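Quick notes on the structure that follows.
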Amino acid sequence: MILFLSQCSKTSVDDQLIGKWQIVQVELANGQIQDTSSLNNFYVLSKDKNYELIFQGGKMSSGKWEAKDGNFILTETTGEVVSFKIKELKDKKMTLATEKSFAVLEKIQN
-5 MILFLSQCSK TSVDDQLIGK WQIVQVELAN GQIQDTSSLN NFYVLSKDKN YELIFQGGKM
55 SSGKWEAKDG NFILTETTGE VVSFKIKELK DKKMTLATEK SFAVLEKIQN
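Here the sequence shown is numbered in the numbering used here, starting from -5 and rising by one per residue.
This is the structure we're talking about:
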């Protein structure tokens, strides 16, 4: 599960987001996914102050995510349209969430 992010003007926040992330925990409404290896990695990129989150394969939708109104919205997709919110971002860990699920990610590369 991944969640969206609003545009940020502070460089420190920008620097924390941009890079390669690995999903380490996923919790759905019906329980936790034990094996997250099939979900692969995704990247958060900055382009002219508009963020794109590119999710690489896995069981979720893949495509380009764009930050709009505090959410990452999937704008080009091979699957269902989903949006997420960032619940927490600190110490190279990010928690993304929808209404009924969340994912914890660790930054593995800037």
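Here a beta-carbon is modelled for each residue, glycine too, at the ideal position from N, C-alpha and C. All of these numbers come straight from a predicted model, not from anything done at the bench.
What residues are listed by DSSP as bridge partners for Q10? Answer is none; Q10 lacks a bridge partner.
Applying the criterion that 16 or more other CB atoms from any shown protein chain within 10 Å of the CB defines a buried residue, is G51 buried or exposed? Bear in mind that the predicted position of G51 carries a pLDDT of just 46, short of 50, making it unreliable; the figure below should be weighed with that in mind. G51 comes out exposed.
State the DSSP-derived secondary structure class of K94, mapped to helix, strand or coil. In this structure, K94 counts as coil in the three-state DSSP scheme.
With DSSP as the reference, please indicate the residues paired to V20 in a beta bridge. Looking at the DSSP assignment, V20 forms a beta bridge with I27, A97.
Whole-angstrom Cβ separation of E100 and Q16, contact assumed at under 8 angstroms? In this structure E100 is in contact with Q16, their Cβ atoms being roughly 5 angstroms apart against a cut-off of 8 angstroms.
Sequence-distant residues of its chain with Cβ nearer than 7 angstroms to A114 (five each side left out): Nothing about residue 114 can be read from this structure; the chain reaches only from -5 to 104.
Say whether chain D places a C-beta atom closer than 7 angstroms to the C-beta of V98. This model lacks chain D altogether; it includes just one protein chain.
Per DSSP, what are the beta-bridge partners of I80 in this structure? I80 is bridged to L90.
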